[in-house]
Amino acid sequence: MALELTEKEARTLGFALQAHDVTTCKNGTRPILGSVLLTETDYGFTLTSTDSYILFHTSHQLEEAPALEGGELLLSVEEKHGFRDIGKALAKASGPVSF
Numbered sequence: 819m820a821l822e823l824t825e826k827e828a829r830t831l832g833f834a835l836q837a838h839d840v841t842t843c844k845n846g847t848r849p850i851l852g853s854v855l856l857t858e859t860d861y862g863f864t865l866t867s868t869d870s871y872i873l874f875h876t877s878h879q880l881e882e883a884p885a886l887e888g889g890e891l892l893l894s895v896e897e898k899h900g901f902r903d904i905g906k907a908l909a910k911a912s913g914p915v916s917f
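Per this note's numbering, the very first residue in the sequence shown carries number 819; after that it's consecutive.
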C-alpha cells in the first residue's frame, strides 16, 4: 500500500511526526509503544502515539482525505528518533511524496 501526498500534505505530516516523536516509547522491549497510528478521517487524518505515560492525539485537515485501505496505518521505526528524522525530511518536501 502506498500513501500519496502533495507537497503541502507531506509537510503537514512531517511537522506532525516531529511532534509525535516526543511521545513514542524509545524502549526496544515495548515496540508497539514506539509506533504512531495514522487514521484516515473525512477531513484528513489523525495521529495517535503514547509512551504509556503520555497520550498524544492530533487531528490534521487536508484538502482531501488520504486513500488508506482499511482507514488506518501503523507507522513504526527502529531508530531512537526516527519519527523526528522522517518528519524533518517530509517537512522539507518540494513536490509530491509517496511512501
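We treat Cβ as the ideally placed atom computed from N, Cα and C, and that holds for glycine.
Predicted model, so just to flag it, every value in this text is computed and none were measured.
Checklist entry - For residue 858, which of helix, strand or coil comes out of DSSP? => result Taking the sequence shown and counting its residues from 1, the one referred to as residue 858 is at position 40. If DSSP states are grouped into helix, strand and coil, residue 858 belongs with the strands.
Checklist entry - How many angstroms separate the CA atom of residue 875 from the CA atom of residue 832? => result Here residue 875 is taken as the residue at index 57 of the sequence shown, counted from 1. Here residue 832 is taken as the residue at index 14 of the sequence shown, counted from 1. One C-alpha to the other measures close to 15 Å.
Checklist entry - Thinking C-beta only, is residue 909 closer than 8 Å to residue 836? => result To locate residue 836, count along the sequence shown from 1; it is residue 18. To locate residue 909, count along the sequence shown from 1; it is residue 91. Cβ atoms of residue 836 and residue 909: closer than 8 Å.
Checklist entry - If we call anything under 8 Å between Cβ atoms a contact, is residue 890 one with residue 865? => result Position 72 of the sequence shown, counted from the first residue, corresponds to residue 890. Position 47 of the sequence shown, counted from the first residue, corresponds to residue 865. Not in contact: residue 890 and residue 865 (Cβ atoms no closer than 8 Å).
Checklist entry - What number of angstroms, rounded off, separates the C-alpha of residue 915 from the C-alpha of residue 838? => result Residue numbering aside, residue 915 sits at position 97 when the sequence shown is read from its first letter. Residue numbering aside, residue 838 sits at position 20 when the sequence shown is read from its first letter. C-alpha separation (whole angstroms): 20 Å.
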